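> Shown below is the structure under consideration.
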Amino acid sequence: MARKTKPPEERRAEIIQTAKELFEEKGYDGTQISDITNRMGVAHGLVYHYVKSKSELLDAVVEEWAKEILTDLMVLMKDNAISAADRLEKMFLFTSDMLKKDASLITTIHQHENEEIHKRIGSTGIKMILPIFKELIRIGNADGTFNCSYPEETAEFCLYGWQSIDSSMSDEERLEKLKYFYKRMLGLD
């Protein structure tokens with residue numbers, strides 16, 4: 001049987017998607033490179049043509065996943081058809097749904113050995129969302145939805161401050177506390 005060649009970017013995307021599926025199904029530690037190549041029906045060495053290690057592959061999986069989430073979140077936060085308060089509420093609903101949908105991958109990311117990846121995702125995400133969140137607060141202040149005296153600082157505090165909330169509690173509990181703090185800081189209570 002002839003080998004099917006694909007453009008490098010398509011093959012890399014296929015490897016990342018297959019790894020993501022297996023990491024979610026079997027966990028990071030339970031997934032071997034051979035599991036990925038077997039599922040794809042390719043030679044074992046092919047994966048190493050695109051990444052140096054399983055750890056680097058996890059990094060690529062998480063980076064792609066974060067890009068997808070941030071793209072969706074940014075579209076939601078820019079929806080001018082709804083009020084700033086409704087966008088904020090949708091942001092929390094989106095986050096809650098994402099935490100449930102991607103629970104296995106999130107658990108993997110939060111493992112101690114993946115701390116650097118987790119920090120990098122957080123930093124990149126905040127940089128992408130911060131200007132949009134600042135604009136959301138400005139719009140909310142202008143239309144009377146929010147009552148926030150320091151929109152710039154509040155946006156930064158909201159996005160950077162969530163990292164200080166105890167990570168040992170459940171994601172749902174943590175999200176409820178974040179929702180409470182955000183609403184208070186934006187003058188919604």
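For the sequence shown, counting from 1, position 129 maps to 129 in my numbering; every step adds exactly one.
Don't be surprised by glycine CBs; every beta carbon is placed ideally from N, CA and C.
All of these numbers come straight from a predicted model, not from anything done at the bench.
1) Pull up the distance between the alpha-carbon of K78 and that of P131, whole angstroms please.
2) Thinking C-beta only, is H118 closer than 9 angstroms to I109?
3) Quick check on DSSP: helix, strand or coil for M169?
4) Would you mind working out which of S123, V51, G30 sits nearest A13, comparing C-alpha positions?
5) So, S104 versus E172, is the Cβ gap smaller than 9 angstroms?
6) Tell me which residue opens and which closes the alpha helix (DSSP H) that W65 is part of.
7) Anyone know if the C-beta pair for Y182 and F92 falls short of 9 angstroms?
8) Three-state secondary structure (DSSP) at T145?
9) When you compare each of L46, G30, S34, L22 to K227 by their alpha carbons, which one comes out closest?
10) Please report the residue range of the alpha helix (DSSP H) in which P151 lies.
11) Please tell me whether N80 has its Cβ less than 9 angstroms away from any Cβ of chain D.
12) Could you say if the region 56-63 and the region 14-22 meet the contact criterion of at least three C-beta pairs nearer than 8 angstroms?
13) Would D102 pass as a contact of W65 if the rule is Cβ separation under 9 angstroms?
Reading it off the structure:
1) 11 angstroms
2) yes
3) coil
4) V51
5) no
6) 54-77
7) yes
8) coil
9) As displayed, the chain neither begins before 1 nor continues past 189, which places residue 227 out of reach and without an answer.
10) 151-161
11) In the structure shown, chain D does not exist; there is a single protein chain.
12) yes
13) yes
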